[in-house]
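Same order as they appear, the protein sequences are chains G and U. Take the first sequence: its position 247, counted from the start at 1, is 246 in numbering that gives the first Met the number 0, and no numbers get skipped. Take the second sequence: its position 112, counted from the start at 1, is 111 in numbering that gives the first Met the number 0, and no numbers get skipped. Just so you know, even glycine gets a beta-carbon here, dropped at the ideal spot from N, CA and C. Computed from a prediction, not measured in an experiment: that's the story for all the values here.
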Amino acid sequence: MTMAAEARPISAQPARGQPARTAAETAFATTFAAVKAELPGSATFAARREEAFGRFADAGLPHRRVEEWRYTDLRRLMREMAPLAATPATQLEKAPEAAGLLAAVECRKLYVVDGVFAPHLSDLADLEAGLTILSLADALRDDAHVGGVAVSKRLGETFPCTDVMFALNAAFAAEGVVVHVAEGAELARPLELIHVNTGTEPVSMFTRSLVVLEKGAKANLVESHEGPDGVAYQVHTALELVVGEGAQLDRVKLTREGDAALHISTVLLDIAASALVRTAGFMLGGAIVRNQTFAQLTGKEIHAVFGGVSLLGNRQHADTSLAVEHLAPGCESRENFRAVLDDHARDVFQGRIAVRREAQQTDARMMTRALLLSDTAEADNKPELEIFADDVQCAHGCTTGNLDEQVKFYLMARGIPEKEAEALLIQAFVGEVVDAIELEGVREALIGATRSWLKERA
Amino acid sequence: MSPLLEVRDLHARIEDGRKIIEGMNLVINPGEVHAIMGPNGAGKSTLSYVLSGKPGYEVTSGQVLFHGKDLLEMEPDERAAAGLFLAFQYPLEIPGVPTMSFLHTAVNAQRKTRGEPEMTAPELLRKVRALAKVLEIDADMLKRPVNVGFSGGEKKRNEVLQMMLLEPSLAILDEADSGLDIDALKIVANGVNSLRSPERSNLIITHYPRLLEYIVPDVVHVFANGRIVHSGDANLARELEATGYAKYQGEAA
Chain G
0 MTMAAEARPI
10 SAQPARGQPA
20 RTAAETAFAT
30 TFAAVKAELP
40 GSATFAARRE
50 EAFGRFADAG
60 LPHRRVEEWR
70 YTDLRRLMRE
80 MAPLAATPAT
90 QLEKAPEAAG
100 LLAAVECRKL
110 YVVDGVFAPH
120 LSDLADLEAG
130 LTILSLADAL
140 RDDAHVGGVA
150 VSKRLGETFP
160 CTDVMFALNA
170 AFAAEGVVVH
180 VAEGAELARP
190 LELIHVNTGT
200 EPVSMFTRSL
210 VVLEKGAKAN
220 LVESHEGPDG
230 VAYQVHTALE
240 LVVGEGAQLD
250 RVKLTREGDA
260 ALHISTVLLD
270 IAASALVRTA
280 GFMLGGAIVR
290 NQTFAQLTGK
300 EIHAVFGGVS
310 LLGNRQHADT
320 SLAVEHLAPG
330 CESRENFRAV
340 LDDHARDVFQ
350 GRIAVRREAQ
360 QTDARMMTRA
370 LLLSDTAEAD
380 NKPELEIFAD
390 DVQCAHGCTT
400 GNLDEQVKFY
410 LMARGIPEKE
420 AEALLIQAFV
430 GEVVDAIELE
440 GVREALIGAT
450 RSWLKERA
Chain U
0 MSPLLEVRDL
10 HARIEDGRKI
20 IEGMNLVINP
30 GEVHAIMGPN
40 GAGKSTLSYV
50 LSGKPGYEVT
60 SGQVLFHGKD
70 LLEMEPDERA
80 AAGLFLAFQY
90 PLEIPGVPTM
100 SFLHTAVNAQ
110 RKTRGEPEMT
120 APELLRKVRA
130 LAKVLEIDAD
140 MLKRPVNVGF
150 SGGEKKRNEV
160 LQMMLLEPSL
170 AILDEADSGL
180 DIDALKIVAN
190 GVNSLRSPER
200 SNLIITHYPR
210 LLEYIVPDVV
220 HVFANGRIVH
230 SGDANLAREL
240 EATGYAKYQG
250 EAA
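Structure, rendered in structure tokens:
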């Protein structure tokens, strides 16, 4: 591997006050230096990559003394960086049928295979009026514009995000999908963005996507991330969602990575006045998963709903970190999260709600509940409310407990075997989030996914 | 005729070590209705829990045969599939579990255990609607999660609905009359009576004799200090109304 001349010096000597670089941090630096010249984008964009990598290099992998990463110590959990996936990856000839969440639902499927957007597998025919879909790599290479603004300009400028893993993604990411929905366009078919990993070797993948809904546009977005068990691949993914004034976005993200995989995801969600956004995460697979979302409510009278379900077993570690910032008056935000934990699984929920001085009449509520099915499972919950306005309603609640033995006995006394009784109660517990999902096909698919999880457990 | 239920010298205690049942004997033949009466705290509800297999109770000695099989060896769901039903004194609310899917799951779980074909959803719906009508249960209630938002009386009627749907060979009714007004009591009693047959039996646990005016028992037992201390016919219930339990509590001591 040759090093480009302008590479940042890589030193085995730690900077002052900094611990020694880990093997993973060193590998990121070496790899970035080696590949950065080939990454798509203009000179300006390359400079931004460089700047982003600099921020990562300065901070290093986040660890437990970094408050935002307190429960997910990546320095410890991510000992090594898997080698970067080769580009282009071996291209599949046929779309993997089982992949995705919406097998039975009429939708427009877009595939990202082994970290690379696969237009030949994706359904790009008969795009609805106002819908544009581009490959991110092409858009950066060709300096493509959507809605009159360069894609390269939109990326990272949704709003500033100082998270170090987002910076790492911004440095490396070359592949992904750009979706633009023009003003007033309403997409009849849900978009399903399917990320599927097929490799048998552990590799690192960086994907980055951008979805823009202009004023009054309406879309359903389902995102899934899947891969094989037993392969320690590493996914770094970022998604920027820009929801214009009065627009409506329903989004579900399914994380069903293989059982040895690492998945680090950042979502930046920018919401304008009077928009309606409902987003839900469904976490099933992966060894170490971090789903972090930063949302900004920038205009008046926004309604934003955040839901999440984690179904975890073995030694799975899943971290949902959500920061919602109310910047304008009269907005409502709702957060409702459920975790079901078996074996030695660990679920982390960090919820931050910030209400700025201008954001009077904010109504923000957060509820998280964890169900522990074993004595060795762990749920960590950290709500943070930061309120600068004086006329607001802000509430949070959190519970952790076991299945109700009395209720379980009641079900068994009616002839329902123990595992089935537990399954009924777990489905009911999860149903509090799933039932709120608007699109019936998505709801059904998630109920099905819950059932399969329960079946595997039994 | 072999007995439906046979309790032989049963001793049981709660997890904390308190002895609740101490040397109980009881034989219920097919078709018979037995009533167990006794003062509060005598252990009547414990008996119902021990028979239905609730966790937290330990049988220290004795034997219970149901249809000639060792009942105590079975899991609660197996007991139910074998024909045992407990109508709870305090039926539980189960948020998030719709009543109809609960009933469907229960019926078919029992059928599956017994190796019988499953009941289809439309068939179940027809049956449940018919039963709801008899028990004067509002059809809207069936759309709610199990017992959520039901009044005390509605919960009790829902218990009887489940009993009539599951058609057990032995139904234990634990204080089925508590919290019921006279009209609801009659409805519940009619439901129980409608199931009476030469094959089916009932064990009615109560400390008020009023219910027994509507469901007339074949045998009445007085339960005190962890065992049956006296048995008689339906007249015993009336007698108890006049005299109370004091003399039997003395008898046991």
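For Ile132/G and Glu244/G, the gap between their C-alpha atoms comes out near 21 Å. In this structure, the CA atom of Val180/G is about 23 Å from the CA atom of Ala169/G.
Among the CB atoms of chain U, one or more fall inside 9 Å of the CB of Ile415/G. Using a 10 angstroms sphere on the CB of Arg153/G, the tally of other CB atoms reaches 16 or more, which defines it as buried. Residue contact with chain U for Tyr70/G: absent (no Cβ-Cβ distance below 9 Å to any residue of chain U). The Cβ atoms of Pro189/G and Gly396/G do not sit closer than 9 Å to each other.
From the listed residues His220/U, Ile181/U, Asn224/U and Arg226/U, the smallest Cα separation to Glu238/U is found for His220/U. Excluding five sequence positions before and after Leu184/U, the CB atoms of its chain that fall closer than 8 Å to its own CB belong to Asp176, Arg209, Leu210 and Tyr213, given in chain order. Below the 9 Å Cβ cutoff, chain U contributes no neighbours of Ala338/G, its closest Cβ being approximately 16 Å away. For Gly151/U, no Cβ of chain G is located within less than 9 Å of the residue's own Cβ. Apart from sequence neighbours up to five positions away, the residues of its chain that approach Leu124/U with a beta-carbon distance below 8 Å are Met99, ordered along the chain.
Contact of Glu74/U with chain G is assigned, a C-beta pair being separated by under 9 Å. For the stretch 256-313 of chain G, the continuous beta strand (DSSP E) assignments of 3+ residues that do not extend past its boundaries occur at 261-270, 275-284, 287-296 and 302-311, in sequence order. Interface criterion met: the Cβ of Val406/G is under 9 Å from a Cβ in chain U. Measuring C-alpha to C-alpha distances from Phe27/G to each of Ala58/G, Thr43/G, Ala46/G and Asp403/G identifies Ala58/G as the nearest. When the Cα atoms are used, Ile352/G and Val323/G turn out to be separated by approximately 5 Å.
Runs of alpha helix (DSSP H) with 4 or more residues, each lying fully within the stretch 134-169 of chain U, are found at 151-165, listed in chain order. For the stretch 42-65 of chain U, residues whose beta-carbon sits nearer than 7 Å to a beta-carbon of chain G comprise Ser51, Lys53 and Pro54. The beta carbons of Ala131/U and Leu141/U sit closer together than 9 Å. For Gly95/U, the nearest beta carbon of chain G is closer than 9 Å to its own beta carbon.
With respect to chain U, the C-beta atom of Phe281/G has no partner C-beta closer than 9 Å.
Any Cβ of chain G closer than 9 Å to the Cβ of Phe222/U would place that residue at the interface, and such an atom is absent.
Three or more beta-carbon pairs separated by less than 8 Å link the stretch 336-349 of chain G to the stretch 359-377 of chain G, which places the two stretches in contact. According to DSSP, residue pairing for Lys381/G in a beta bridge involves Gln349/G. Here Thr278/G is buried. Its C-beta has 16 or more other C-beta atoms within 10 Å. Excluding five sequence positions before and after Asn196/G, the CB atoms of its chain that fall closer than 6 Å to its own CB belong to Asp113, Gly226 and Tyr232, given in chain order. By the neighbour-count definition (other C-beta atoms within 10 Å, threshold 16), Leu126/G is an exposed residue. Secondary structure remark: continuous beta strand (DSSP E) runs of at least 3 residues inside the stretch 158-228 of chain U, in chain order: 169-173, 200-205 and 218-223.
An exposed status is given to Asn192/U, since fewer than 16 other beta-carbon atoms sit within 10 Å of its beta-carbon. Within chain G, the C-beta atoms nearer than 7 Å to that of Ala108/U come from Gly414, Ile415, Pro416 and Glu419, in chain order.
In this structure, the alpha-carbon of Ala317/G lies about 8 Å from that of Asn290/G. At a cut-off of 9 Å between beta carbons, Met366/G makes no contact with chain U. At a cut-off of 9 Å, the C-beta of Pro121/U has no neighbouring C-beta in chain G. Following the DSSP letters along the chain, one finds Pro97/U in no alpha helix (DSSP H) but inside the beta strand (DSSP E) bounded by residues Ile93 to Pro97.
Looking at the DSSP output, Asp15/U shares a beta bridge with no other residue.
Membership of Met204/G in the beta strand (DSSP E) is indicated by the continuous run Ser203 to Leu212.
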